[in-house]
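**Q**
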Amino acid sequence: MSDDKVNQLLRKGELIRRGPYPEFTWPAVIVGWFLGAVIAVSISYAALKLGFSIEGSELAAILGWGILRGLMGRTSIVENNINQTIASAVNGASSGIMFSVPALFILSNKPGLESVADFNVPLMIFACITGAFIGLAFVIPLRKQMIDFQRLPYPGGIAVATILKSPGAGIRKSVYLFGAALLSGAVYLLLSLKGIEDINVGGLINSAFSSADDPAATPLISSRYSLIFFASLMTIGVGFLSGKGGFWFGAGGFICYWFLSPMLSIVGTDEVKTLVESPLAMRGKIYKPTGIGMLIGAALGGIIMAFPLIRSAITSMSKASNDKNDESAHRDELPIWLLAIAIVLGAGILIFLAKQSASEMTLGLAAAMALLGTLWIWIAGVIVAECVGRTNWSPLSGMTLIAVTILIVIANSGLDKPQTIISSLVVGAAICLAISQASDMMLDLKSGYLVGGVPRRQQMAQFVGAWLGPCIVIGLMFLLHYGAQPKTETVAGKTPAPITAPAGENAPEALNPAGNSQSAETSAAAPIVKEAPRAGFGSEKLPAPQADALASVIEGIVEGNVPTYRYVAGGGLGFLLAISGLGGIGVMVALGFYMPFNIVLTYTIGCILRIVSDKTAGRKFSEQVGIPIAAGLIVGEALIGVAIAMQKVFWPTADVSEATSQLLQIASQTLSVWI
Amino acid sequence: MNIIGQMLLWAGFLSGSLATVLNVEDDKIPWSTIPWGWYLASVSICVVGIVLLRLGRTSTVESTEESTASLSEIRGSLLNLLKNTQQMSGQMDELAPSEMTVFIDDVLSPDCYIFAEGRNAITTEMGLQKFADVMTHFSAAERAVNRAWSAAADGYVDEAKTCVDRAVSMFEDAYQELG
């Protein structure tokens with residue numbers, strides 16, 4: 012463009028910049044690390060307290076936009092994309108670690124397992140970093156198949172891309188985006204304050220049509236149908252972005268609760284007939300294990316079915332990279348050979364780490380654990396990348412559960428219980444991180460595709476961020492666990508060597524050396540060591556619900572109590588759906604079995620809205636209006652979720668109502684400015 | 003054949019699912035929780051359904067009227083994309099950045115969507131490897147267009163021009179692959 016033309020455009024008020032377009036820069040890296048650390052701390056804490064973890068990409072994109080553009084005067088959409096990639100890579104550790112590592116502390120409260128909390132911390136951090144790198148190396152080559160060829164929607168990726176593009180998308184789209192974000196955030200905040208998580212439509216219908224004369228009459232809608240909607244506008248937004256592609260996810264849930272449960276209430280045993288009336292228990296006991304099995308079967312079938320496409324993709328990539336007409340083509344992706352080296356090296360390091368994790372670990376056992384773990388990372392990475400791509404939900408817990416089950420079965424053959432648990436969780440945490448990083452990478456690559464980022468740079472950015480998360484999150488975990496431990500205090504006499512009771516739910520009294528409990532009244536002369544109720548992870552203050560659930564399952568696995576038969580039966584069905592040739596329905600139906608039905612129902616509303624919008628108002632309307640609104644619904648709820656988590660970390664005693672009104676005030680001001 | 007295949011697939015799947023979830027757990031012999039005879043019979047029905055579906059698909063592939071129409075539609079959209087990006091590339095010195103983003107949104111995006119929606123016709127008509135080759139070039143071109151949009155929105159006119167030129171080259175390659 013000539014200088015005259017540039018001056019002419021500048022006079023018209025156009026924005027003109029010359030020179031290279033900033034993308035992978037130091038400001039992006041540093042801001043990404045900083046934001047990732049803040050978000051990881053907040054979300055990790057929320058995961059420990061409340062049991063949920065949040066995808067941090069949206070927040071990183073918005074904060075990055077404010078910091079990079081607003082404070083630092085940076086001017087590049089793709090640079091902010093690198094920032095959010097790094098920040099979400101750092102934060103990826105929060106969901107991975109919070110689900111697995113605290114289980115060791117919780118298990119250490121059980122008699123005979125006290126030593127499991129004495130695991131090697133640097134080894135654990137190193138294992139998590141290794142796992143994260145292996146997960147990335149496995150999933151990166153799938154980018155072409157899942158994003159370029161299959162064009163999976165990745166609703167979270169679309170939301171992030173919509174935020175990133177908002178500076179250039181025009182006022183109208185920005186108003187839709189931020190208006191919807193404000194609405195979704197305000198609704199979520201109010202629901203959180205009121206403690207409302209679901210809307211029981213079945214209950215409302217029953218109470219509306221119930222007869223006051225006969226309160227014992229059969230309700231119109233039985234509880235087995237579980238007509239309860241998850242109160243979340245974000246979920247509707249995700250459903251909208253998934254569109255008709257999300258149909259099979261809903262179908263899985265409907266098959267469970269609207270076909271199988273009613274059928275079981277007729278043909279099932281008495282035990283099952285009772286269970287179907289409690290959908291939550293039914294899910295935990297039967298549908299979820301079946302769903303896990305189906306996911307694995309569907310993934311294996313999907314890999315077999317996708318193999319020709321993956322092979323074609325690799326052939327096509329190498330053909331494009333040999334094309335001398337396009338110098339930049341081969342620079343788009345990290346080379347396969349480099350990723351292969353990373354996998355081999357990672358597997359080797361994992362063998363070393365498994366060997367070091369327990370004193371009695373043999374090399375053969377360590378190799379078996381590490382190699383099977385590495386293989387599982389690949390399978391689970393494919394499963395999770397596809398699930399997130401189609402629905403935005405990741406079956407991380409189910410995949411980790413299977414990993415830990417496999418590892419415990421191997422380790423149990425040569426180690427005692429505590430060493431089995433420690434070694435399995437060291438390798439298991441690595442797998443959990445790998446899966447978490449794999450899904451985050453694919454989500455970020457989707458947003459990168461939509462803003463025109465170079466995949467290779469994003470892939471490198473993910474590696475740049477992935478190492479930091481484990482250091483921060485494991486550090487935070489120790490701080491919280493040991494910071495919550497009560498200090499022992501002596502009431503009378505000289506300080507003895509304290510002999511304390513095994514920490515249980517309620518252990519108000521100390522034990523004397525003989526092991527008998529005594530009180531201050533009966534033994535005034537002897538020093539009394541007071542012990543508070545169980546503190547740290549698993550206590551009321553730090554319940555760590557996900558890790559607590561994993562700890563219970565681990566106990567069950569160690570005792571040999573695993574519903575393998577259900578996994579196998581589910582696996583067969585999932586495999587058949589995957590090879591049916593009906594395009595990825597196996598994983599979707601399986602995920603419908605696995606997920607809570609309230610989420611499935613609300614998600615389906617979004618899918619239906621999209622289908623209706625496309626049919627009646629046209630695709631352009633969906634793109635110009637629907638997608639920014641749906642993205643806004645995701646962003647608003649995610650932001651408030653993180654804000655609530657941050658409030659709990661930094662201002663734990665602050666008045667929530669006051670903070671809420673201030674937050675709403677700021678949000679309305681922001682919207683006014685935007686409008 | 004397709005309808006019968008679908009019916010058998012879903013009948014087998016639902017029946018197999020029912021067998022899988024029929025009992026809570028047999029405490030004495032956990033593996034006997036699942037009625038395996040029933041389960042295997044259901045799986046067999048499912049397999050027959052899948053075989054019929056696949057046979058049905060093969061015969062559908064042979065009657066290529068519909069897929070040929072689809073292929074010609076996506077070929078048309080790819081040609082439009084090629085012409086329009088060439089036109090845009092030729093006008094880059096004259097277009098203001100705000101006009102570039104509007105051009106991409108209004109002129110290029112609809113054809114990208116049509117091509118992407120109909121892409122499976124390539125597999126049906128020309129095989130998987132050709133599909134991969136075409137999509138490799140097409141997706142690289144689409145990503146270059148997306149990058150041109152971002153660069154234009156940020157005012158980086160030189161980068162926008164480079165990306166549009168690259169998109170032209172990639173669309174040309176995709177069109178040549180498609181034949």
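Line order of the protein sequences matches chains A and B.
Heads up: the first sequence begins at 12 in the numbering used here, then just goes up one per residue.
Heads up: the second sequence begins at 3 in the numbering used here, then just goes up one per residue.
We treat Cβ as the ideally placed atom computed from N, Cα and C, and that holds for glycine.
#1: So with CB distances below 9 angstroms, who are the chain A contacts of Gln-89 (chain B)?
#2: For Leu-553 (chain A), which of helix, strand or coil comes out of DSSP?
#3: My understanding is that Ala-146 (chain B) touches Met-172 (chain B), with C-beta atoms under 8 angstroms, so please give their C-beta distance in whole angstroms.
#4: Express the C-alpha separation of Ile-27 (chain A) and Phe-15 (chain B) in angstroms, rounding to a whole number.
#5: Which term fits Asp-14 (chain A), buried or exposed, when burial requires 16 or more other beta carbons within 10 angstroms of its beta carbon?
#6: Applying the 10 Å Cβ sphere with the 16-neighbour rule, what's the burial state of Pro-31 (chain A)?
#7: Enumerate in chain order the residues of its own chain whose CB-to-CB distance from Val-420 (chain A) is below 8 angstroms, with the five nearest sequence positions on each side excluded.
#8: Cα-Cα, which of A:Ala-242, A:Ser-221, A:Thr-326 and A:Gly-261 is closest to Cys-618 (chain A)?
#9: Let me know if Ala-170 (chain A) comes out buried or exposed under the rule of 16 or more other beta-carbons within 10 Å of its beta-carbon.
#10: Would you kindly report the start and end of the unbroken alpha helix (DSSP H) that includes Asp-14 (chain A)?
#11: Going by DSSP, what residue range makes up the alpha helix (DSSP H) through Asp-159 (chain A)?
#12: To which residues of the same chain is Ala-525 (chain A) closer than 7 angstroms at the C-beta, ignoring the five residues directly before and after it?
#13: Where does Gly-304 (chain A) land, buried or exposed, given buried means 16+ other C-beta within 10 angstroms?
#14: So, using beta-carbon positions, are Glu-179 (chain B) and Val-136 (chain B) closer together than 7 angstroms?
#15: Less than 7 angstroms between the C-beta atoms of Arg-85 (chain A) and Ala-118 (chain B), yes or no?
#16: Report yes or no: is there a C-beta of chain B within less than 7 angstroms of the C-beta of Ile-93 (chain A)?
#17: Since Glu-282 (chain A) meets chain B, which of its residues come closer than 7 angstroms, beta carbon to beta carbon?
#18: For Phe-608 (chain A), report the span of its beta strand (DSSP E) as first-last.
#19: Report the option in A:Ser-126, A:Met-245, A:Phe-241 and A:Met-488 whose CA atom is closest to the CA atom of Gly-652 (chain A).
#20: Buried or exposed: which applies to Pro-519 (chain A), given that a residue is buried once 16 or more other Cβ atoms fall within 10 Å of its Cβ?
#21: Going straight from the alpha carbon of Gly-585 (chain A) to that of Phe-137 (chain A), what length do you get?
#22: According to DSSP, simplified to helix, strand and coil, what is Asp-29 (chain B)?
#23: Are any of the Cβ atoms in chain B nearer than 7 angstroms to that of Arg-22 (chain A)?
#24: Rounded C-beta distance between Met-102 (chain B) and Ala-162 (chain B)? I'm assuming under 8 angstroms.
#25: Any beta-carbon of chain B closer than 7 angstroms to the one on Ala-289 (chain A)?
#26: With H, G and I counted as helix, E and B as strand and the rest as coil, what does DSSP make of Phe-149 (chain A)?
#27: Using a 10 Å radius around the Cβ and a threshold of 16 neighbouring Cβ atoms, would you call Gln-19 (chain A) buried or exposed?
#28: Checking contacts by CB at 7 angstroms: is Ile-88 (chain A) closer than that to chain B?
#29: Using a Cβ-Cβ distance under 7 angstroms, would Phe-159 (chain A) count as near chain B?
#30: Rounded to a whole number of angstroms, what is the C-alpha to C-alpha distance between Leu-374 (chain A) and Ile-413 (chain A)?
#31: Any chance the segment 442-454 of chain A sits against the segment 105-118 of chain A, with 3 or more Cβ pairs inside 8 angstroms?
#32: Just verifying my parser: in three-state terms, what is the DSSP assignment at Asn-211 (chain A)?
#33: Report the neighbours of Glu-397 (chain A) on chain B: residues whose CB is nearer than 7 angstroms to its CB, in chain order.
#34: Looking only at C-alpha atoms, which of A:Ala-601, A:His-492, A:Val-573 and A:Arg-577 sits nearest to Gly-547 (chain A)?
#35: Go ahead and label Lys-9 (chain A) buried or exposed: buried means 16 or more other beta carbons lie within 10 angstroms of its beta carbon, across all protein chains shown.
#36: In whole angstroms, what is the alpha-carbon distance linking Leu-231 (chain A) and Val-611 (chain A)?
**A** In terms of the structure at hand:
#1: In chain order: nothing, as chain A lies at least about 17 angstroms away.
#2: strand
#3: 6 angstroms
#4: 60 angstroms
#5: exposed
#6: exposed
#7: Ile-568
#8: A:Gly-261
#9: buried
#10: 14-22
#11: Element bounds for Asp-159 (chain A): n/a, residue is neither H nor E.
#12: In this predicted model, Ala-525 (chain A) has a pLDDT of only 32, less than 50, meaning its place in the structure is not dependable enough to derive any value.
#13: buried
#14: yes
#15: no
#16: no
#17: Val-26
#18: Phe-608 (chain A) -> not in any beta strand (DSSP E); alpha helix (DSSP H) instead, spanning 608-627.
#19: A:Met-245
#20: For Pro-519 (chain A), the pLDDT reaches just 30, beneath the cut-off of 50, and the residue's location in the model is therefore unreliable, leaving the point undetermined.
#21: 35 angstroms
#22: coil
#23: no
#24: 6 angstroms
#25: First, the residue type needs correcting, since residue 289 (chain A) is Ser and not Ala in the sequence shown. By this cut-off, Ser-289 (chain A) is not an interface position.
#26: helix
#27: exposed
#28: yes
#29: As written in the sequence, residue 159 (chain A) is Asp, which differs from the Phe given in the question. Chain B contact via Cβ: present.
#30: 23 angstroms
#31: yes
#32: strand
#33: Going along chain B, no residue has its Cβ under 7 angstroms from Glu-397 (chain A), so there is no contact; the nearest lies around 18 angstroms.
#34: A:His-492
#35: Nothing about residue 9 (chain A) can be reported from this structure: the residues present for chain A run from 12 to 686 only.
#36: 22 angstroms
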